[in-house]
Amino acid sequence: MTNPLTLYIGNKNYSSWSLRPWLVLRKAELPFDEELIKLDVPGYKEALLAISDAGTVPVLNVKGETIPDSLAISQWAAKAVPNLWPKDPAMRSRAIEVTHLMHDGFEALRAHAPMNLRRRTSSKMPQSCLDDAAKMVELWEDCLSKHNGPFLFDDWSIADAFYTPAATRFVSYDLPRSAKADTYISELMSDMDYMDWEADAMVEPWDLPETDKVNR
Ligand SMILES: N[C@@H](CCC(=O)N[C@@H](CS)C(=O)NCC(=O)O)C(=O)O
Numbered sequence: 003m004t005n006p007l008t009l010y011i012g013n014k015n016y017s018s019w020s021l022r023p024w025l026v027l028r029k030a031e032l033p034f035d036e037e038l039i040k041l042d043v044p045g046y047k048e049a050l051l052a053i054s055d056a057g058t059v060p061v062l063n064v065k066g067e068t069i070p071d072s073l074a075i076s077q078w079a080a081k082a083v084p085n086l087w088p089k090d091p092a093m094r095s096r097a098i099e100v101t102h103l104m105h106d107g108f109e110a111l112r113a114h115a116p117m118n119l120r121r122r123t124s125s126k127m128p129q130s131c132l133d134d135a136a137k138m139v140e141l142w143e144d145c146l147s148k149h150n151g152p153f154l155f156d157d158w159s160i161a162d163a164f165y166t167p168a169a170t171r172f173v174s175y176d177l178p179r180s181a182k183a184d185t186y187i188s189e190l191m192s193d194m195d196y197m198d199w200e201a202d203a204m205v206e207p208w209d210l211p212e213t214d215k216v217n218r
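Numbered by my numbering, the letters in the sequence shown go through residues 3 to 218 in order.
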């Protein structure tokens, strides 16, 4: 390995937590190696625990030190390079707050509409999932209406990285959204870095049947 940073990630089709800091490192222009751990195959948990005690991906290895957790990795990157959070202090605080909302909340959306980039369905979703989706659209609209776009806080920030996997769920599961939210989703999904990740996900040979059968 040639880079001082290695990001351990899960399957690109499914691992929403991995996608977030991967985008952040790309936007930070910090060169990194990536190591993909296949999830839900025999021995995968041992493989994860060999990388960090968290037993999850993502994990960033910085010259031998490990940082688990998508938000901790993103915060590390924000300390290493400028401009990953908005400069304006009030905008910055709100960006951190909405990022935490995604990191810690929207459980129903996460459970009933797991990231699955290859999936396209219009099947009926549970009300709790639709309620979360509506809450997310409201949050996006609030941020977008206060700034000039195209991102939640004008320029791209870690907040947008955190909502990118959520945006893909609106498309995969055909979740209702306003025109403004749809424009934001299209913006995130046409991002060049996101498209690199998605291209890999499309040709990944591994399926997670439990995730694929959600809402079938
Ligand atoms: N809070 C963690 C969540 C990480 C997480 O749950 N990752 C999933 C993959 S997307 C995982 O590693 N799962 C392993 C398992 O369930 O055993 C973060 O933000 O990084």
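All C-beta atoms in this analysis are idealised placements derived from N, C-alpha and C, irrespective of residue type, glycine included.
Predicted model, so just to flag it, every value in this text is computed and none were measured.
Taking the beta strand (DSSP E) that residue 4 falls in, what are its first and last residues?
-> Neither: residue 4 is in no beta strand (DSSP E) and is coded neither H nor E.
So the beta strand (DSSP E) residue 38 belongs to, where does it begin and stop?
-> 35-38
Is the closest heavy atom of ligand 1 to the C-beta of residue 174 under 8 Å?
-> no
Consider the Cβ of residue 204: report whether some Cβ of chain D lies at a distance smaller than 9 Å.
-> You won't find chain D in this structure, because it holds only one protein chain.
Note down the Cα distance separating residue 39 from residue 198, rounded to an integer number of angstroms.
-> 18 Å
Between the Cα of residue 216 and the Cα atoms of 207, 122, 186, 36, which residue gives the shortest distance?
-> 122
Does the Cβ-Cβ distance between residue 155 and residue 161 come in under 9 Å?
-> yes
Verify the contact flag: residue 1, CB atom, against every heavy atom of ligand 1, threshold strictly below 8 Å.
-> This structure cannot settle anything about residue 1, because the visible part of the chain is limited to 3 through 218.
Write down the C-beta distance between residue 206 and residue 14 rounded to the nearest angstrom, noting that I regard them as a contact closer than 8 Å.
-> 6 Å
Starting from residue 32 and walking both ways along the alpha helix (DSSP H), at which residues does that stretch end?
-> Careful: residue 32 lies outside any alpha helix (DSSP H) and carries neither H nor E.
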